[in-house]
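Contents: one structure, followed by commentary.
There are 2 protein chains.
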Amino acid sequence: MNTGLILETISRYITFTKEESAFFLSLLREKKIRKKQFLYQEGDICKYTTFVNKGCLRTYAIDNSGTEHVFQFATEGWWIGDIESLKNQTPTMMNTDALEDSEIIMISKHDMDLLYEKIPKYEHYSRMILENAYIAHQQRILHNICFTAAERYQYFTEKYPEWSARIPQNQIASYLGITPEFFSKMKSQNASLLSKGGL
Amino acid sequence: MNTGLILETISRYITFTKEESAFFLSLLREKKIRKKQFLYQEGDICKYTTFVNKGCLRTYAIDNSGTEHVFQFATEGWWIGDIESLKNQTPTMMNTDALEDSEIIMISKHDMDLLYEKIPKYEHYSRMILENAYIAHQQRILHNICFTAAERYQYFTEKYPEWSARIPQNQIASYLGITPEFFSKMKSQNASLLSKGGL
DNA sequence: AAGGATTGTTAATCTATATTAAGGTATTTT
DNA sequence: AAAATACCTTAATATAGATTAACAATCCTT
Chain W
50 MNTGLILETI SRYITFTKEE SAFFLSLLRE KKIRKKQFLY QEGDICKYTT FVNKGCLRTY
110 AIDNSGTEHV FQFATEGWWI GDIESLKNQT PTMMNTDALE DSEIIMISKH DMDLLYEKIP
170 KYEHYSRMIL ENAYIAHQQR ILHNICFTAA ERYQYFTEKY PEWSARIPQN QIASYLGITP
230 EFFSKMKSQN ASLLSKGGL
Chain C
50 MNTGLILETI SRYITFTKEE SAFFLSLLRE KKIRKKQFLY QEGDICKYTT FVNKGCLRTY
110 AIDNSGTEHV FQFATEGWWI GDIESLKNQT PTMMNTDALE DSEIIMISKH DMDLLYEKIP
170 KYEHYSRMIL ENAYIAHQQR ILHNICFTAA ERYQYFTEKY PEWSARIPQN QIASYLGITP
230 EFFSKMKSQN ASLLSKGGL
C-alpha cells in the first residue's frame, strides 16, 4: 500500500512518533475503485471514512425530480465521506462514486474512535481539518446566497484550477448549482465579454 | 456571571473536574449587548468566540448590491462566531449583531488555545460541536441545492420551531435565501392550499 | 474503424423568485 | 398619544436560470 501521501498530509498538522505511525498504518485498508463504481449509495450507513490516494471521487444527492446535485469532489490528498452518516450511523442521503479509476484508503469508524483514544493528537488533527471543511462550507453557503452563477464559477476556477481542468463541466455545473446548459451559455457570454474588452 | 447554561451545555459532551471547571470559568468574560448593537462588523478580526446566555444574535453578510443575507442565528445555549476569522485572524466578511437585548459569554482565541493545551478533553468537545455544525451546514447546502423555497421553509419550521415563532419573518426569509415579499406570498399560498384540503 | 455512450453547445420557451411600489399594522420612541 | 420606525402583505412587472429539444464533438468499447 502506498502510504506516503496520507502520512505527509497528516504531518502538515501533527507529528507521529514511530509507534504511533505504525499503529496508524495498521488501521488502514486500501481499495481500488473503478470509474463509475459506487462506494456508497443512498440509504447505506457509512462505516468508513475515505482518503483519496489517486483518482477522483464525488458525493452527490438526488432531488425529488431525479436530478443529481454534486456535494463535493475529492482528488489526491482529500478526505471524503458523509460525516453525518458516519458520526450517527444513520442512512446517508448521498451517493459516492468514482469519476476516474481511483485508489483509496479507508479507516473504519471503530478504528477512528480507537485512534482518538490512543493518540489524542489525532483529535487535534481532526479538529483542524474539520475547521477547514467548515470554513469551506461557510463560504459555499455565503456564495450561494450572495453571488450570481458567474461569480461562483469564477471563484471556483480560481480556488480549484486543477479541478476546473480535470472534472467534466456538467459535474462542475452541478456543484455550482446550475444546469450544464446554463453553464455553457455563461462561459460563452464570459468569453464574448472578454473579447469585447469588457472588464 | 450566570455560568449555569454554559457549563450544562458543555457537560453534555465532557465532564470537567473541579479544577478544570474553575480554570474554564476563569477564562470567561460576560458582556451585555443591546438590540441592534454590533458585536463584529465586516473587516474586523474576530478575537473572541461567543456563547449566548440570553437573547438572540445573528451573523449576516452584505452582497454587492447592499442586501443583507443571514448566515446564522444564535439563541440561548448556542455558540456564534466566524470560525474563519477566528482561526486565521483574518478580517471577517460578516457582521454580527443582536436581534434582542442579549447577554453573552466570550472566550478569547488566546484563552481557547490555552484551554486546548491544558484540558485536552476540550479538544474533543470542540470536535463534537464542530461536527454538528458541519452537519448542519451540509444539510443547508443540500437543501439550497435540492429543495424549493417552500420546502426549505417547512424544514426550518420543523427543525427550529422556537426560532420560527421568535425571529422576525424578514430575517428568516433572509436565512432561507428569499425576499420577505416572496416569503409572505409563499406562506399565504401554503395557507390557501391547506384550507382547500391540499396535502 | 464503427457504433454507442458520454459530454458539450445553441436557441426557444418557461418558471420560480426578485424587484418595485404602495399601503397596512404593529411596536418603539419621544 | 403622536410620530417614527420596523415589520408584513399584496400585486404588477422583470429576470436569472431551468427546461426542452436538437445536434456536435468527444470518448470508450468491440
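Quick mapping for you: the protein sequence lines, in order, are chains W and C. Using the working numbering, you'd call the opening residue of the first sequence number 50 and step up by one each time. Using the working numbering, you'd call the opening residue of the second sequence number 50 and step up by one each time. Note that beta-carbon positions come from the ideal geometry of N, C-alpha and C, so glycine has one too.
The beta-carbon of residue 62 of chain C is placed no less than 9 Å from the nearest beta-carbon of chain W. Under the three-state reduction of DSSP, residue 73 of chain C is assigned to helix. Residue 211 of chain C and residue 219 of chain C have their C-alpha atoms roughly 16 Å apart. About 6 Å separates the Cβ atoms of residue 63 of chain C and residue 173 of chain C, confirming a contact at the 8 Å cut-off.
Contact of residue 131 of chain W with chain C is assigned, a C-beta pair being separated by under 9 Å.
Listed along chain W are 176, each with a C-beta nearer than 8 Å to that of residue 175 of chain C. At least one CB of chain W lies nearer than 9 Å to the CB of residue 186 of chain C. Under the DSSP definition of a beta bridge, residue 78 of chain C partners with C:155. When only Cα atoms are considered, residue 150 of chain W and residue 73 of chain C end up about 50 Å apart. Interface criterion met: the Cβ of residue 118 of chain W is under 9 Å from a Cβ in chain C. Setting aside the 5 residues that flank it on each side, residue 59 of chain W is surrounded in the same chain by 174, each with a C-beta closer than 7 Å to its C-beta; the list follows chain order. Chain-ordered, the chain W residues with CB closer than 8 Å to the CB of residue 180 of chain C read 132, 136 and 179. Residues of the segment 205 to 219 of chain W with a Cβ closer than 9 Å to any Cβ of chain C: none. When beta bridges are read from the DSSP output, residue 100 of chain C appears opposite C:128 and C:154. Annotated three-state conformation of residue 93 of chain C is coil, per DSSP. Per DSSP, the beta-bridge partners of residue 107 of chain W are W:122 and W:146.
Measuring C-alpha to C-alpha distances from residue 75 of chain C to each of C:164, C:129, C:134 and C:133 identifies C:164 as the nearest. By the 16-neighbour rule on beta-carbons within 10 angstroms, residue 166 of chain W is exposed. Ranked by how close their Cα comes to the Cα of residue 182 of chain C, the residues C:54, C:90, C:94 and C:120 have C:120 in first place. As for any beta strand (DSSP E) of minimum length 3 sitting wholly inside the segment 180 to 222 of chain W, there is none. Against chain W, the beta carbon of residue 169 of chain C has neighbours under 7 Å at 169, listed in chain order. For residue 117 of chain W, same chain residues with a beta-carbon under 7 Å away, outside a window of 5 residues either side, are 109, 111 and 223 in chain order. Any Cβ of chain C closer than 9 Å to the Cβ of residue 196 of chain W would place that residue at the interface, and such an atom is present. Between residue 190 of chain W and residue 239 of chain C, the gap from beta carbon to beta carbon reaches 9 Å or more. DSSP places residue 53 of chain W in the uninterrupted alpha helix (DSSP H) bounded by 53 to 60. Taking a Cβ-Cβ cut-off of 7 Å, the neighbours of residue 112 of chain W in chain C comprise 195, given in sequence order. Around the beta carbon of residue 80 of chain C, a 10 Å sphere encloses fewer than 16 other beta carbons of the protein chains shown; the residue is thus reported as exposed. In terms of Cα proximity to residue 90 of chain C, the closest of C:184, C:101 and C:139 is C:139.
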